[in-house]
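Quick notes on the structure that follows.
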Amino acid sequence: MLAIPLAWLQLTYQKGRLAIAILGIMFAVILIAMQLGFQEALFKSSILLHLNLRSDLILIHPSSNNLLNLKQFSRRRLYQANGFAGVKSVHPVYIGLAPWNSPELGVKEDILAIGVSPQANPFLFPNIKPDFDKTQLPDVVLFDRGSREDFYGAVASEYEIAIARGKSLTKEVANRAITIGGLFNMGVSFAANGTLITSEQNFLRIFPDRLVGNISLGLVQLEQGADAIAIRDAIRSQLDQDVKVLTKQEFINLELNYWSEATPIGFIFGLGVAMGFIVGVVIVYQVLYKDVSDHLAEYATLKAMGYSNFYLFSLVLQESLLLALCGFLPAISVCALLYHITQSATGLLMELGSDRILQLFVLTIAMCAISGTLSLRKVQRADPAEIFD
1 MLAIPLAWLQ LTYQKGRLAI AILGIMFAVI LIAMQLGFQE ALFKSSILLH
51 LNLRSDLILI HPSSNNLLNL KQFSRRRLYQ ANGFAGVKSV HPVYIGLAPW
101 NSPELGVKED ILAIGVSPQA NPFLFPNIKP DFDKTQLPDV VLFDRGSRED
151 FYGAVASEYE IAIARGKSLT KEVANRAITI GGLFNMGVSF AANGTLITSE
201 QNFLRIFPDR LVGNISLGLV QLEQGADAIA IRDAIRSQLD QDVKVLTKQE
251 FINLELNYWS EATPIGFIFG LGVAMGFIVG VVIVYQVLYK DVSDHLAEYA
301 TLKAMGYSNF YLFSLVLQES LLLALCGFLP AISVCALLYH ITQSATGLLM
351 ELGSDRILQL FVLTIAMCAI SGTLSLRKVQ RADPAEIFD
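For the record, in the sequence shown the residue sitting at position 210 is 210 according to full-length UniProt numbering, with numbers rising by one throughout.
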């Protein structure tokens with residue numbers, strides 16, 4: 001620790017070089033943070049609906065691999081599952097993409113439509129039940145407050161204004177007039193920019209080609225204390241192979257695995273993190289290498305005075321750690337601002353929590369430590385005999 005003042009003096013001797021190094025580290029940290037933030041936002045947003053399903057087991061078609069690629073299967077399979085011991089109730093779910101017409105915006109964007117039984121209400125969204133009952137009326141839907149306004153308009157604000165005036169709000173979906181009966185909070189994802197929920201009957205009005213006997217999901221709620229794994233295995237052994245039975249966590253993992261492994265998105269974000277890390281290593285290495293080269297005579301003098309290579313190595317490593325701290329602290333402030341701007345603009349869940357800050361700090365320390373280690377070879381070659389020959 002006694003060498004820290006000397007390390008600091010060396011870093012601050014040329015303030016311009018120090019400023020460039022700090023900016024370089026900031027750039028690398030911000031790049032890494034944004035890539036990690038986008039990746040986490042992708043994963044979180046992709047399972048928002050999954051997390052809010054009131055279900056212990058999920059039935060899907062065997063070919064289904066993500067929410068927007070759910071194949072239909074026979075509703076009879078769900079009723080068969082209802083006959084197993086430990087099953088409390090079952091609920092069919094219809095899911096599809098319907099064109100939302102926004103003439104005031106001049107755009108036509110698909111919206112995720114979900115059809116379920118209003119009496120069942122298989123969702124965990126808070127305070128949705130009173131408005132959900134309204135979907136028993138023809139062409140009444142609930143609209144996700146978190147949907148993108150640039151695609152669907154300010155529906156939430158328009159609805160609240162209409163309610164305050166004692167009027168209703170009508171929109172157009174799949175060339176059909178629908179009435180907004182209430183709002184719920186879920187949020188957007190990379191796959192869908194907005195969501196609406198309605199009854200089974202209203203869903204089939206929006207999708208007239210869909211058959212009532214073919215569903216997208218089958219939700220199975222178990223008796224309290226029932227063994228979900230045992231019941232899952234029992235249903236699997238008895239039902240035909242045209243349906244897959246999953247626990248809720250397995251259903252969530254299926255979605256996460258699709259985005260991380262079956263699409264290039266996970267790889268792209270991972271590559272972005274790696275590139276940011278490499279950029280930081282190169283920048284810090286160049287700064288430290290130049291600093292060591294400029295002070296090679298001083299290092300040789302310290303060697304002649306009896307200082308060991310270990311002391312000189314620790315001096316360079318301390319410089320790298322000081323650079324890490326100097327670049328990390330302002331970078332975190334910028335990241336917090338960028339996360340907020342991105343979340344406000346896109347609706348994606350961008351959160352700079354303590355875990356993310358710790359992760360970025362460890363990566364920054366590792367980045368600078370690697371750079372410092374690479375610079376040690378120059379220090380080791382500082383020979384007093386050559387300098388003072």
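Idealized CB from N, CA, C, for every residue including glycine.
**Request:** Say whether chain D places a C-beta atom closer than 9 angstroms to the C-beta of Leu363.
**Result:** No chain D appears in this structure, which consists of one protein chain only.
**Prompt:** For the alpha helix (DSSP H) that contains Phe267, what are its first and last residues?
**Reply:** Ile265 to Asp294
**Prompt:** Under a three-way DSSP split, which group does residue 390 fall into?
**Reply:** The structure shown does not extend to residue 390, since the chain is modelled only from 1 to 389, so the question has no answer here.
**Item:** Nearest to Glu319 (by Cα), restricted to the options Glu250, Leu329, Gly372 and Phe277
**Value:** Gly372
**Asked** Applying the criterion that 16 or more other CB atoms from any shown protein chain within 10 Å of the CB defines a buried residue, is Met1 buried or exposed?
**Response** Its pLDDT being 43, under 50, Met1 is placed unreliably by the model, and the measurement read from it follows with that caveat. Exposed: under 16 other Cβ atoms inside 10 Å.
**Item:** Through-space distance from Ser55 to Lys248, alpha-carbon basis
**Value:** 7 angstroms
**Asked** Quick one: what does DSSP say Ser199 is sitting in, helix, strand or coil?
**Response** strand
**Request:** Determine the direct distance from the alpha carbon of Ala345 to that of Leu70, and round the result to whole angstroms.
**Result:** So the alpha carbons of these two residues sit roughly 29 angstroms apart.
**Message:** Taking the alpha-carbon of Ala331 as reference, which of Gly115, Leu363 and Val316 has the nearest alpha-carbon?
**Reply:** Residue Leu363 is the option with its Cα nearest to Ala331.
**Request:** Since I believe Glu200 is in contact with Tyr339 (beta carbons under 8 angstroms), could you give me their beta-carbon distance rounded to a whole number of angstroms?
**Result:** Between Glu200 and Tyr339 the Cβ distance is about 39 angstroms, and since that is not below 8 angstroms, they are no contact.
**Request:** For Ile114, write down the residues that DSSP places opposite it in a beta bridge.
**Result:** Ile95 and Ile197
**Message:** Taking the alpha carbon of Gly347 as the reference point, which residue from Ser45, Ile283, Gly181 and Gln10 has its own alpha carbon closest?
**Reply:** For Gly347, the nearest C-alpha among the options comes from Ser45.
**Request:** Verify whether the separation of the beta carbon atoms of Ile178 and Lys171 is less than 9 angstroms.
**Result:** yes
**Prompt:** If you compare alpha carbons, which of Asn175, Ile30, Leu42 and Leu239 is closest to Phe267?
**Reply:** Leu42
**Request:** Return the chain-ordered ranges of every alpha helix (DSSP H) run that is complete within the region 120–148 and spans a minimum of 4 residues.
**Result:** If we require 4 residues or more, the alpha helix (DSSP H) runs fully inside the region 120–148 come out as 129–132.
**Message:** I need the straight-line Cα distance from Gly187 to Arg176, nearest angstrom please.
**Reply:** 24 angstroms
**Prompt:** What residues are listed by DSSP as bridge partners for Glu109?
**Reply:** Bridge partners of Glu109: Trp100.
**Request:** Taking only the alpha-carbon atoms, compute the straight-line gap between Asp291 and Leu315 and give it to the nearest angstrom.
**Result:** 12 angstroms
**Asked** Gly37 lies in the alpha helix (DSSP H); which residues open and close that run?
**Response** Lys15 to Ser46
**Asked** Are Arg77 and Gly218 closer than 9 angstroms when you measure CB to CB?
**Response** yes
**Asked** Apart from the five residues just before and just after Ala3, which ones in its own chain have a Cβ nearer than 8 angstroms to its Cβ?
**Response** In this prediction, Ala3 has a pLDDT of 46, which is less than 50 and means its spatial position is unreliable; nothing more can be read from the coordinates.
**Request:** If I'm right that Asn65 touches Leu254 with Cβ under 8 angstroms, what's the distance once you round it to whole angstroms?
**Result:** 7 angstroms
**Message:** Output needed for Ser189: all residues of its chain with C-beta closer than 7 angstroms, excluding positions within five of it in sequence on either side, in chain order.
**Reply:** Closer than 7 angstroms at Cβ, skipping near neighbours: Ser45, Ser46 and Leu48.
**Prompt:** Taking the runs of the alpha helix (DSSP H) that are 4 residues or longer, which of them lie wholly in the region 300–382?
**Reply:** You should have 309–346 and 354–380.
**Asked** According to the neighbour-count rule (16 or more other Cβ atoms, all chains shown, within 10 Å of its Cβ), is Asp144 buried or exposed?
**Response** Asp144 should be labelled buried.
**Prompt:** How far does the alpha helix (DSSP H) with Ala162 in it reach, from first residue to last?
**Reply:** Val155 to Ala164
**Message:** Along the chain, where does the beta strand (DSSP E) containing Gln224 start, and where does it finish?
**Reply:** It is not in any beta strand (DSSP E) - Gln224 carries neither H nor E in the DSSP assignment.
**Asked** Between Phe328 and Asn202, what straight-line distance do the alpha-carbon atoms span, to the nearest angstrom?
**Response** 53 angstroms
**Asked** Near Leu204, which residues of its chain fall below 8 angstroms by C-beta distance, leaving aside the five closest residues on each side in sequence?
**Response** Answer for Leu204: Tyr94, Gly115, Arg210 and Val212, listed in chain order.
**Message:** My output table needs one value for Leu78: the three-state DSSP class, helix, strand or coil.
**Reply:** helix
**Request:** Following the continuous alpha helix (DSSP H) through Lys248, name the residue where it begins and the one where it ends.
**Result:** Lys248 to Asn257
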